[in-house]
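Enquirer: In this note's numbering, the protein residues as written are 3 to 349.
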Amino acid sequence: MSVRRTRKDDGSQWTVADSRSVYGIRHWGAGYFAINEAGRVEVRPNGPDSAPIDLYEQVDELRQSGLSLPLLVRFPDILQDRVRQLTGAFDANIARLEYQSQYTALYPIKVNQQEAVVENIIATQNVSIGLEAGSKPELLAVLALAPKGGTIVCNGYKDREFIRLALMGQKLGHNVFIVIEKESEVALVIDEAAELKVKPQVGLRVRLSSLASSKWADTGGEKSKFGLSAAQLISVVQRFRDAGLDQGIRLLHFHMGSQIANLADYQHGFKEAIRYYGELRALGLPVDHIDVGGGLGVDYDGTHSRNASRSTTTWTTTPAWWWACSRSSATRRACRTRTSSPRVAAR
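1. Within the continuous beta strand (DSSP E) that includes residue 35, where are the two ends?
2. Kindly give me the distance between the Cβ atoms of residue 256 and residue 210, rounded to whole angstroms, as I take these residues to be in contact under 8 Å.
3. Comparing C-alpha positions only, which one of 154, 25, 195 sits nearest to residue 169?
4. So what's residue 77 in DSSP terms, helix, strand or just coil?
5. Could you tell me the distance, in whole angstroms, from the CA atom of residue 65 to the CA atom of residue 95?
6. Could you have a look at residue 262 and say whether DSSP puts it in helix, strand or coil?
7. On the premise that residue 258 lies in contact with residue 296, defined as a C-beta separation below 8 Å, what is that separation, rounded to the nearest angstrom?
8. Measuring alpha carbon to alpha carbon, tell me which of 279, 207, 62 ends up nearest residue 182.
9. Go ahead and pull the three-state DSSP assignment for residue 154.
10. Taking the alpha-carbon positions, what's the residue 184 to residue 230 distance?
11. Distance check for residue 156 and residue 140, CA to CA, integer angstroms please.
12. Is the beta carbon of residue 147 less than 8 Å from the beta carbon of residue 176?
13. Using the three-state DSSP reduction, which class does residue 322 fall into: helix, strand or coil?
14. Put residue 135 into one of helix, strand or coil per three-state DSSP.
15. By DSSP's criteria, residue 95 is part of a beta bridge. Which residues make up the other side?
16. Taking residue 354 as the reference, give the member of 111, 109, 92, 110 with the closest Cα.
17. Could you check the C-alpha separation between residue 106 and residue 63 for me, to the nearest Å?
18. Would you grab the beta carbon distance between residue 82 and residue 126 for me? Rounded to a whole angstrom, and I think it's under 8 Å.
19. Confirm, please, whether the CB-CB distance from residue 109 to residue 80 is below 8 Å.
20. Whole angstroms are fine: how far does the CA of residue 232 sit from the CA of residue 151?
21. Any idea which residues DSSP pairs residue 288 with across the strands?
22. Using alpha carbons as the reference points, say which of 142, 89, 149, 137 lies closest to residue 130.
23. With distances taken Cα to Cα, identify the nearest neighbour of residue 118 among 78, 260, 162, 135.
24. Who are the near neighbours of residue 49 in its chain, counting only those whose CB is closer than 6 Å to its CB and skipping five residues on each side?
25. With the cut-off set at 8 Å, would you say residue 250 and residue 201 are in Cβ contact?
26. Leaving out the 5 sequence neighbours to the left and right, which residues in its chain are closer than 8 Å to residue 2 when beta-carbon positions are compared?
27. Find out if the Cβ-Cβ distance for the pair residue 192, residue 247 is shorter than 8 Å.
28. Helix, strand or coil, according to DSSP, for residue 295 in the structure here?
29. Is residue 254 helix, strand or coil when you go by DSSP?
30. Shortest alpha-carbon distance to residue 180 belongs to which of 18, 204, 163?
31. What is the DSSP secondary structure of residue 106, counted as helix, strand or coil?
32. Note down, in chain order, each residue of its chain lying with its Cβ closer than 6 Å to the Cβ of residue 56, except the 5 sequence neighbours on either side.
33. Does DSSP put residue 123 in a helix, a strand or coil?
34. Does residue 279 pass the burial test, meaning 16 or more other C-beta atoms within 10 Å, or should it be called exposed?
35. Starting from residue 206, trace the beta strand (DSSP E) in both directions and tell me its first and last residue.
36. To the nearest angstrom, how far is the alpha carbon of residue 37 from that of residue 277?
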């Protein structure tokens with residue numbers, strides 16, 4: 003079926019090149035979407051080297067089969083290809099730098115809670131991927147979807163019910179981390195752990211002084227309302243120690259803010275965070291997971307106006323973490339990230 007061509011204002015023939023320019027598809031398509039020589043949108047679900055699907059023909063076939071428009075067409079292969087690209091970039095540089103641990107990607111389901119999206123992401127083969135929940139409804143969804151033994155990180159506001167639900171998830175066989183962001187959460191974790199007779203796995207969110215330049219910079223830095231100061235960190239550790247639960251502190255979390263425009267900001271944050279990590283290890287805590295939060299700037303309009311996400315590989319080759327570990331003589335631990343640039347679904 004041919005595509006009807008129109009004419010431009012000057013009377014000349016509208017061309018495929020004109021369509022590509024007007025819609026700027028090469029800037030945002032990332033190799034998955036393009037306009038073919040027939041002037042139709044085509045999709046390559048497994049990346050630019052995979053076989054194309056003519057979306058116009060596909061919709062026409064579906065319509066002829068009896069389906070009515072509009073239609074929602076999903077391409078789960080794109081989600082899984084993005085996961086493979088993200089984890090592959092980290093794995094390649096972990097091998098190159100001889101880093102003695104592994105990388106796990108965390109998918110925050112607040113990005114897209116649709117069951118089909120989450121299921122396809124965690125079904126990606128040969129990758130290490132976990133889920134993050136920031137509320138009770140999200141945690142209920144995550145517990146229902148996560149495979150047994152899967153990693154679940156609990157962030158955000160936590161009341162007694164949220165913490166009890168997280169601990170029940172641990173009893174069911176999931177690898178659950180409850181990230182402490184406020185001192186008031188400590189008593190709830192201790193009380194509920196005693197009630198359920200379970201040793202909780204705890205993470206500590208540290209409030210860094212390093213501040214990134216971004217639109218949402220107030221989610222990071224010393225004045226952030228989220229995370230623990232150095233003094234609060236020591237107090238929290240002591241309270242868990244007094245309760246006999248300090249050996250469950252296994253994760254250090256920090257958050258640099260969202261839409262970070264420059265990788266140098268992350269480098270400063272890494273260097274500061276590893277010093278906290280070294281001090282926690284020196285206190286005898288078995289911290290063996292580093293959870294890096296925040297988001298690199300996404301080039302939504304294709305103008306390449308920021309320095310952060312030229313590629314996933316650019317971020318993973320940042321040497322700050324490895325440099326900082328070497329400087330502090332600290333054991334290198336598993337790294338987990340929730341960065342927006344390599345995220346596999348749009349907000």
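Ideal Cβ placement from N, Cα and C applies to all residues, glycine included.
Expert: This is what the structure holds:
1. 35-37
2. 5 Å
3. 195
4. coil
5. 46 Å
6. strand
7. 4 Å
8. 207
9. Note: residue 154 maps to strand in three-state DSSP.
10. 6 Å
11. 9 Å
12. no
13. Confidence is the limiting factor: at residue 322 the pLDDT is only 49, short of 50, which leaves the residue's position unreliable, though a coordinate-based value still follows. Residue 322: helix per DSSP, three-state reduction.
14. strand
15. BP columns for residue 95 are empty, so no partner.
16. Nothing about residue 354 can be reported from this structure: the residues present for the chain run from 3 to 349 only.
17. Residue 106 and residue 63 have their C-alpha atoms roughly 40 Å apart.
18. 4 Å
19. Not in contact: residue 80 and residue 109 (Cβ atoms no closer than 8 Å).
20. 32 Å
21. BP columns for residue 288 are empty, so no partner.
22. Residue 130 has its Cα closest to that of 89, out of 142, 89, 149, 137.
23. 78
24. Take residue 49, set aside five residues on each side of it, and the residues of its chain with a beta-carbon closer than 6 Å to its own are 33, 83, in chain order.
25. yes
26. Residue 2 is absent from the structure shown; the chain starts at 3 and stops at 349.
27. Yes. Within cutoff.
28. The answer is strand: DSSP assigns residue 295 an E or B state.
29. strand
30. Taking only the C-alpha atoms, the option nearest residue 180 is 204.
31. strand
32. Taking residue 56 as the centre and dropping the five residues before and after it, the same chain places the C-beta of 42, 44 closer than 6 Å to its C-beta, in chain order.
33. If DSSP states are grouped into helix, strand and coil, residue 123 belongs with the helices.
34. Buried, since its Cβ has 16 or more Cβ neighbours within 10 Å.
35. 204-207
36. 50 Å
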